[in-house]
Amino acid sequence: MPTTINVKHGNENLVSQSGLLPVGALLKSINFAQRFKNLPDVHCVDPNISHGEILSSMLGLICVGKPDYIAIEIFRQDPFFFTQSLGISNCPSQSTLRERIDLIGESANELIKEASVEMIRGKAPAISPVQTSVGNYIPLDLDVSPFDNSKTKKEGVSRTYKGCDGYAPMFGYLGTEGYLINVELREGSQHSQKNTPEFIQEILKLTRQITQEPLLIRLDSGNDSQDNFEVIKTCEGVDVLVKRNLRKESLDGWLILAQNTESVRLIRCGHKSVWVGQTTVDPKGRALPRPIVFKVTERYEEKGEPLLFPTIEVETYWVTIAGLSPQEVINLYHDHGTSEQFHSEIKSDLGLERFPSCRFSSNSLILHLALLAYNILRIIGQISLEEQDENNLPINRRKKVSRRRLRTVMQDLMYMAGRLIYSGRRWSISFGKINPFAQLAENVLYRLRCSPG
């Protein structure tokens, strides 16, 4: 017979988000709360709770996937662990949190990005490059991702190119691990190219504070603009790979050009023919400012059904790296699609697709706090890969991976039940004997507290 388990109420000090301890260790390493003592454009008369404590509290909520003001009330019932783990003295109420976020607005955005850059430079285990036949490059992936905020009247919400009402923020990720370097909240109807040259200038400035390695900026066709090339060519050690916008170019013209180009790679199979090559002229025979890599596909059937007239698909790319084969260029761009997973982690894992505020400036601040929270969880995840002992992990966590998804970090290391113990005038936390990630959590916390940076 199965044993019946009953409910018993006790007085033990139990917490369910023990993962806030490494979050607090990272915040302490960059003196996060102290950075906001003096915000020149924010006028708050004698606040009982400092700006740094407000922002740290909101950051803690985002790290546990609860970026809503009302979620702070759960921690106010017993604020000891929440405040001590994040290194603050006070836990704000829901109304105080909302009002102060509105008051601070975008005035803290630059300070948050500077703190994030300092943290990545000092605590990130590695920033991995992509390997090419002509050398290694640190990828810098820039992309716009719509945030669905349908059926709301929030400031700045408008129709996005995905067909939903919301925002269209731009993101910049560094390395194959995907560290988030820069963000910009934009109105949903804003074209993806607007303000992008300024965004590129800023992210290159931030990136050069982290690494001096050669960079490869990757952009999609929405950012196929000469303005971007003008900005990038002024920077040393920076190359760019952009998928071209065909605009009104003839698909038939590209097919004819591909068929008549020398040194083209032709792949034929039963339902399609594919031409991969490089050209210095466009389909009308005009010289190009730089070579174009192309992939032209003539498809003869679709979903197993023969087509009366073949369909033509054309992909073309600008690239400033000399010596790469056309197929290598295409593979490098397809690897740029990994940034879509990074977007998904922010939207779903952090729960941030629908912003909590009606004010554009407040949502911009929350997005910048999400930038820091994202990097905190990414660093914790990457360190855990180096500190883990496969023999002590569940079978489903022994697979060799190069990057741990934020959701996995939150499930394994953030949402850990623990018991607070006060003994010998010291506080400690006990994870119990059935937690397979207890030793890993201790190793990560010890490394974050003791490693220089």
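Note that UniProt numbering numbers the sequence shown so that position 357 is 357, with each residue one more than the last.
A virtual CB, placed ideally from N, CA and C, is assigned to each residue, including glycine.
Subject >> Residue span of the beta strand (DSSP E) that contains L215, given as start and end >> reply: L215 to L219
**OP:** Mind reading off the beta-carbon distance from P22 to I380? Whole number of angstroms is fine, and I expect it under 8 Å.
**Re:** 5 Å
**OP:** Provide the residue span of the alpha helix (DSSP H) that contains I104, from first to last.
**Re:** Q94 to I104
Original post:
L255 and L216: beta carbons closer than 8 Å?
Top reply: no
Original post:
Would M414 be called buried (16 or more neighbouring beta carbons within 10 Å of its own) or exposed?
Top reply: buried
Subject >> Cβ neighbour criterion (16 or more within 10 Å) applied to A71 >> reply: buried
**OP:** Output the distance between the C-alpha atoms of V157 and H334, rounded to the nearest integer angstrom.
**Re:** 30 Å
**OP:** Determine the extent of the alpha helix (DSSP H) in which G52 is found, giving its start and end residues.
**Re:** H51 to C63
Subject >> Identity of the residue in L307, I312, I127 and D220 nearest I210 by Cα >> reply: I127
Original post:
How far does the beta strand (DSSP E) with I138 in it reach, from first residue to last?
Top reply: G135 to V144
Original post:
Would you call L219 buried or exposed, if buried means 16 or more other Cβ atoms sit within 10 Å of its Cβ?
Top reply: buried
Subject >> Own chain, CB closer than 7 Å to Q190, minus 5 neighbours either side, in chain order >> reply: A168
Original post:
Grouping DSSP H, G and I as helix and E and B as strand, with all else coil, what is F437?
Top reply: coil
**OP:** Give a yes or no on contact between the segment 70–88 and the segment 115–125, applying the rule of three or more CB pairs nearer than 8 Å.
**Re:** no
Original post:
For S442, does the three-state DSSP call read helix, strand or coil?
Top reply: The residue you asked about is not Ser; residue 442 is Glu in the sequence shown. Note: E442 maps to helix in three-state DSSP.
**OP:** Starting from A287, trace the alpha helix (DSSP H) both ways and give me its first and last residue.
**Re:** Here A287 belongs to no alpha helix (DSSP H); instead the beta strand (DSSP E) covers A287 to E302.
Original post:
What residues in its chain sit with their C-beta under 7 Å from that of N435, if we drop five residues either side in the sequence?
Top reply: M416
Original post:
Since R354 contacts N149 with CB under 8 Å, what's their CB separation in whole angstroms?
Top reply: 6 Å
**OP:** Could you pull out every residue in the same chain whose Cβ sits closer than 7 Å to the Cβ of E340, ignoring the five residues on either side in sequence?
**Re:** none
Original post:
Nearest to P289 by alpha carbon, out of Y317, K295, R299 and V264?
Top reply: Y317
Original post:
Is there contact here, the segment 32–45 with the segment 383–403, by at least three beta-carbon pairs under 8 Å?
Top reply: no
**OP:** Could you have a look at T3 and say whether DSSP puts it in helix, strand or coil?
**Re:** coil
Original post:
Where do the ends of the beta strand (DSSP E) carrying Y179 lie?
Top reply: Y179 to E184
Original post:
Does the pairing of the segment 310–324 with the segment 230–247 give three or more beta-carbon distances under 8 Å?
Top reply: yes
Original post:
If you run the structure through DSSP and keep just helix, strand and coil, what is L246?
Top reply: coil
**OP:** Leaving out five residues on either side along the sequence, give the residues of the same chain with a beta carbon under 7 Å from the beta carbon of Y69.
**Re:** Q94, L97, R98 and P356
**OP:** Would you kindly report the start and end of the unbroken beta strand (DSSP E) that includes residue 457?
**Re:** Any property of residue 457 remains undetermined from this structure, which presents the chain solely from 1 to 453.
Original post:
Terminal residues of the continuous alpha helix (DSSP H) containing S364?
Top reply: F360 to E387
Original post:
Given M251, which residues of its chain have a CB within under 7 Å of its CB, disregarding the five upstream and five downstream residues?
Top reply: The residue asked about is misnamed: residue 251 is Leu in this sequence, not Met. Answer for L251: I312 and V314, listed in chain order.
**OP:** Might you give, ordered along the chain, the residues of its own chain that have their beta carbon closer than 8 Å to the beta carbon of I421, omitting 5 neighbours on each side?
**Re:** N13, W427, S428, I429 and S430
**OP:** Would you kindly work out how many angstroms separate the C-alpha atoms of G432 and Y446, rounded to a whole number?
**Re:** 18 Å
Original post:
Does DSSP classify M416 as helix, strand or coil?
Top reply: coil
Original post:
Going by other Cβ atoms of all chains shown within 10 Å of its Cβ, with 16 needed for buried, is G172 buried or exposed?
Top reply: buried
**OP:** Would you check if the distance between the CB atom of E106 and the CB atom of L365 is smaller than 8 Å?
**Re:** yes
Subject >> S344 versus R159 - alpha carbon distance >> reply: 20 Å
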